[in-house]
């Protein structure tokens, strides 16, 4: 299991969006035909020589699309209205045209070859250059228009590395104009981690998706084969099990304060009549504290039950989206909205968390669709704020709803499905771009699901300090120095503001933020050294070691990775799990577990 599992052998699922290609690190074989969780996107072709600079022309004023598609909500209340015009030029190039009109040809650089089928090759790289240049111009226009988002350096210059070698490690940077809402807590003592529990790999005839895991105050819940099981935090037999009618399709990462989360799963298991099981039509609300499925819903479409790609929970609403549109329910199971047959627009997916719910909405004909990001009233679906994304971008990822941070893939060959992060001010009716943070074509290594709205990982976003944390790519495999470090970026400016030094002979990967606002990071181990969990102060960028695993279980730990596995930590324990249940291929992996728990014995 040191390598990621091959994609499941399943037939294409109609209505699940664009097929996904194998990517970075996976064996080069056919990808899962269904819209599975975590399916990466293939890297694009390298550019054929540097393109000449694009002509500097002012962005054309986009046209407002016709008002044709009504909302699907309460009578007299428009829900998910057509995209509204943003209050500033979009930072991405776009031939704006009205829906139904033939799409305008893409601008060609002088001497550039004619575009061929698909989006790869030199044209993809040139599109990325146009997008980046346009983004810089757009942000400059924002500043020139009297909106100043940059922050002053309180120290006059960025602090230098102090080469301090201690349990906190070394760090550098200024506070980037933080909001002051972060409360510093004393550094905890390091826990010596032992292998507390191994969850056995289920016996399966074929590969089965088991995507999804959560940690609450008293349980580690893990999706299994046609079920969800809740285990004690320190390991042992399941405290409860929730049976499912079929294979899991998507599991929301969000958990409410009272332990609720949401899932999408198939309506049937494999049978002689349906070799690959049912379709992803079942939306369920899971109570992780009581170990119960509070309810499960499905929607009847024109000819069959509606299929959903993903689901989320936010603002007391469960919302599921897909290529045929989206639907939402309250926590007591009341349907709040669903698509209408005459809708020209559809909700491909939603992002939740806390009190917010954000939709990614597509309007128009295939190939010339307009994507709009809409902050919604979770109870009614009414649009509170709308940001129109320029044409030419096929997918939009939402890395955070509060603050609202979008992940966009403007090209390049990193395979991470995100070339830039945009911070959006959604406080007004029209969303406005605050900043753009580039991943610099692989210099930084976040990862977003290739076609899904949610699912970005290997990042940390601190609301208290208004900053984004990303790890740099591994630059060395030497045993004498760190392989990488974690860099903090201001979400006000998009610029680097601090750095957390790495660990000797190891890679440091952000896992997210904890309830206190600290960034958690996983230090990978090896066959002879256990991994570790670190806590990063989002203001000072100092790191403190929370957990150090024993070397005696390093081989078991090395079966999992922060890149391909589900990795969670509550600060005292480390939970690692596979996303697929697979049949062993030989003696070397016959005892590989589905999941493991590390912590103090």
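Numbering (my numbering), first residue to last: 114 to 714.
Virtual Cβ for every residue (Gly too), placed ideally from N, Cα, C.
Discussion item. Nearest by alpha-carbon distance to residue 485: which of 711, 497, 311, 492 is it?
Written reply: 497
Practice prompt. Give the straight-line distance between the Cα atoms of residue 649 and residue 669, rounded to the nearest whole angstrom.
Written response: 26 Å
Practice prompt. Could you check the C-alpha separation between residue 417 and residue 432 for me, to the nearest Å?
Written response: 20 Å
Discussion item. Just to confirm, is the Cβ distance from residue 517 to residue 506 under 8 Å?
Written reply: no
Discussion item. Quick check: the Cα distance between residue 711 and residue 306, rounded to an integer number of angstroms?
Written reply: 6 Å
Worksheet item: Nearest to residue 499 by alpha carbon, out of 508, 488, 680?
Response: 488
Worksheet entry | Cα-Cα separation, residue 536 to residue 605 | 8 Å
Discussion item. On a Cα-Cα basis, can you pick out the residue from 578, 545, 587, 530 that is closest to residue 563?
Written reply: 530
Discussion item. Tell me which residue opens and which closes the beta strand (DSSP E) that residue 360 is part of.
Written reply: Note, residue 360: premise wrong, no beta strand (DSSP E); not H, not E.
Worksheet item: What do you reckon, are the CB atoms on residue 695 and residue 317 nearer than 8 Å?
Response: yes
Worksheet entry | 8 Å Cβ cutoff met for residue 334 and residue 401 | yes
Worksheet item: Around the C-beta of residue 464, are 16 or more other C-beta atoms found within 10 angstroms, so that it is buried, or is it exposed?
Response: buried
Worksheet item: So what does DSSP say about residue 326, is it helix, strand or coil?
Response: strand
Practice prompt. Give me the Cβ distance between residue 456 and residue 438, rounded to the nearest whole Å; I'm assuming they're in contact under 8 Å.
Written response: 6 Å
Discussion item. For residue 641, count the other beta carbons within 10 Å of its own beta carbon; 16 or more makes it buried, fewer makes it exposed. Which is it?
Written reply: exposed
Fill in: Close-in-space but distant-in-sequence residues of the same chain around residue 639 (CB under 7 Å, 5 per side omitted)
667, 671
Item to complete: Within the same chain, show all residues whose beta-carbon is closer than 6 Å to that of residue 87, passing over the 5 residues directly before and after it, in chain order.
Response: No answer is possible for residue 87: it lies beyond the span of the chain, which begins at 114 and ends at 714.
Worksheet item: Is residue 77 helix, strand or coil by DSSP?
Response: No answer is possible for residue 77: the residues shown for the chain start at 114 and end at 714.
Discussion item. At the level of alpha carbons, what is the spacing between residue 567 and residue 298?
Written reply: 30 Å
Discussion item. Would residue 675 and residue 631 be called neighbours here (beta carbons separated by less than 8 Å)?
Written reply: no
Worksheet item: Under the rule that 16 or more other beta-carbon atoms within 10 Å means buried, what is residue 421, buried or exposed?
Response: buried
Practice prompt. Starting from the Cα of residue 548, find the closest Cα among 580, 555, 558 and give me that residue.
Written response: 580
Worksheet item: Which value, in whole angstroms, describes the spacing of the CA atoms of residue 376 and residue 361?
Response: 8 Å
Worksheet entry | beta strand (DSSP E) segments (min. 3 residues) lying fully within the segment 542-567 | 545-551
Worksheet entry | Beta-carbon proximity list for residue 359, same chain, < 7 Å, skipping 5 on both sides | 339, 378, 379, 380, 381, 382, 390, 391
Discussion item. Could you compute how far the alpha carbon of residue 471 sits from the alpha carbon of residue 509?
Written reply: 12 Å
Worksheet item: Run through DSSP, which three-state label would residue 620 get?
Response: coil
Worksheet item: Measuring CA to CA, which of 511, 408, 515, 647 is closest to residue 565?
Response: 511
Worksheet item: Taking the alpha-carbon positions, what's the residue 503 to residue 385 distance?
Response: 46 Å
Item to complete: State yes or no: is the C-beta of residue 687 within less than 8 Å of the C-beta of residue 660?
Response: yes
Worksheet item: What is the DSSP secondary structure of residue 423, reduced to helix, strand or coil?
Response: strand
Item to complete: Rounded to whole angstroms, what's the CA-CA distance from residue 705 to residue 411? Just pull it up for me.
Response: 36 Å
Practice prompt. Enumerate in chain order the residues of its own chain whose CB-to-CB distance from residue 560 is below 6 Å, with the five nearest sequence positions on each side excluded.
Written response: 529, 570, 571
Worksheet entry | Which listed residue (408, 707, 365) has its alpha carbon closest to that of residue 426 | 365
Discussion item. For residue 494 and residue 446, I'd like the C-alpha separation in whole angstroms.
Written reply: 16 Å
Worksheet item: According to the Cβ coordinates, are residue 652 and residue 550 closer than 8 Å?
Response: no
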